[in-house]
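Working notes for the structure below.
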Amino acid sequence: MDAISVIRTKRDRGELTDRQIDWVVDAYTRGEVADEQMSALAMAILLNGMTAAEINRWTDAMIASGERMDFSGLSRPTADKHSTGGVGDKITLPLAPLVAACGVAVPQLSGRGLGHTGGTLDKLEAIPGWRALLSNDEMLAVLEDVGAVICAAGDGLAPADKKLYALRDVTGTVEAIPLIASSIMSKKIAEGTGALVLDVKVGTGAFMKDLADARELARTMVRLGVDHGVRTVALLTDMSTPLGLTAGNALEVRESVEVLAGGGPADVVELTLALAREMLAAAGVTDKDPADALKNGAAMDAWRRMIAAQGGDPDAPLPTARETHVVTAAESGVLTRLDAYGVGVAAWRLGAGRARKEEAVQAGAGVEIHAKPGDRVTAGQPLLTLHTDTPERFDYALEALAGSHDIAAAGTAFAPTPIVID
Ligand code: URA
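Following UniProt numbering, the numbering of the sequence shown begins with 3 at its first residue and continues without gaps.
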């Protein structure tokens, strides 16, 4: 087998054989296929697509490149959630302990933010003492004891994906649905969850700007999950406006704790409950209403135990940024648009995210939102508060926010986009 014949097959719109796929994924992971060869193949896949059978085999080959975790010895069923990423998407934080409080174990392997979307691990690291890196044994112990664990994926899980994703990132080949679906699902299947709920985001702040593409990605991932014995469902959810009233690490932890305390912004609560219901149903638990666990304190109790089990102090004050800058409404009327992408880039530039993998994030940096689309606003009232430790970043963040909101005359009809689109 050689890389050139595999590249030519896909370049000429052919279907790769199982042997070709197994060989090229394995040889690339071992360093026998060069980066330039794999990037040519990734581009051919982006341009010419893959059949369902090819995507399935590609996913199998990525899973086979590393270890598989096994939660079958746990005393309760497992369910996980994956979001394709958005702005202010802190849902994993309240969701994992909420689902655990309803009797389903949540092994949530999460990532860090890159670009304008935040990362769950960066958010939780704002909590003094909290550790993202756990051994497999520690992870299992927290899962058995608390019912939920949120931690970094170990290096052993789908190493082929780690290498290929880094290559796609620098070769303009991220946006290929077969490659995105196999990348996400190989990690989730290798992780060993029994059920999986996918939150596929659509809108300016999401990876998928277009509903038809998001639907195709969702269907491809659901099919992969089901074919690999994981009960998988997907929701298409809106990411044209930031979720909730915060984007930034400590700011989002604070908002998540408000949700766990029975309050918090309506959109965050709605999406948390919708995903929790899907996770419980996929795990076969039909007699629990997650809204009760938010009201009666059971979810908050699971959160506190989960944070403490990973070295965090759930009572410690959260870090705050040293400097703030307020953006006010230029006129009175109805806020009709607040662009998720603009707010995400601003939070990133203020220091909540990183431009390169090795950069540190600022725990207190980000954007606080004082009005959401549909709200009436008065000229001069605060719309956003920007937070950072490095005030020289304010101008750079304000540039990202230019043109990111619209205010229409009072009385203008406004039709809100539903959070759960499908
Ligand atoms: N997230 C992943 O894990 N993989 C992709 O290809 C895209 C997003």
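We put the beta carbon where it would ideally sit given N, CA and C, even for glycine. For clarity, every value in this text was computed on a predicted model and none was experimentally measured.
| Item | Value |
| --- | --- |
| If distances are taken between C-alpha atoms only, which option among Leu76, Leu136 and Gly121 comes closest to Ala107? | Leu76 |
| Please find out if some non-hydrogen atom of ligand 1 comes closer than 7 Å to the beta-carbon of residue 425. | Residue 425 lies beyond the range of the chain shown here (3 to 424); nothing can be said about it. |
| Which residues share a DSSP beta bridge with Met210? | Val204 |
| Determine whether the beta carbon atoms of Arg324 and Asp397 lie at a separation below 8 Å. | no |
| Under DSSP, the beta strand (DSSP E) around Val148 begins and ends at which residues? | Val148 -> not in any beta strand (DSSP E); alpha helix (DSSP H) instead, spanning Asn138 to Val148. |
| Below 6 Å CB to CB, which residues in the same chain sit around Val144 once its five sequence neighbours on both sides are set aside? | Val151 and Ala311 |
| Look at the Cβ atom of Leu159, then the Cβ atom of Arg170, and state whether they are nearer than 8 Å. | no |
| What residue does the beta strand (DSSP E) around Arg339 start on, and which one ends it? | Gly335 to Leu340 |
| Less than 8 Å between the C-beta atoms of Ala252 and Gly353, yes or no? | no |
| When the distance is taken between beta carbons, is Val363 closer than 8 Å to Gly355? | yes |
| Tell me the DSSP bridge mates of Arg233? | Ala197 |
| Which word fits Val228, buried or exposed, when buried means at least 16 other C-beta atoms lie within 10 angstroms of its C-beta? | exposed |
| Report whether the distance from the Cβ of Tyr167 to the nearest heavy atom of ligand 1 is below 7 Å. | yes |
| List the endpoints of the continuous beta strand (DSSP E) containing Ala323. | From DSSP, Ala323 is part of no beta strand (DSSP E); its letter is neither H nor E. |
| Quick one: which unbroken alpha helix (DSSP H) runs of 4-plus residues sit fully inside the segment 11 to 37? Chain order, please. | 20 to 32 |
| In whole angstroms, what is the alpha-carbon distance linking Ala5 and Leu43? | 9 Å |
| Considering only C-alpha positions, which residue in the set Arg339, Asn58 and Gly250 is nearest to Asp91? | Gly250 |
| In whole angstroms, what separates the C-alpha of Ala192 from that of Asp24? | 17 Å |
| Between the beta-carbon of Leu238 and the beta-carbon of Ala214, is there less than 8 Å? | no |
| Please tell me whether Met241 and Ala276 are closer than 8 Å, where the distance is taken between their beta carbons. | no |
| The alpha helix (DSSP H) with Glu254 in it runs from where to where? | Asn251 to Leu262 |
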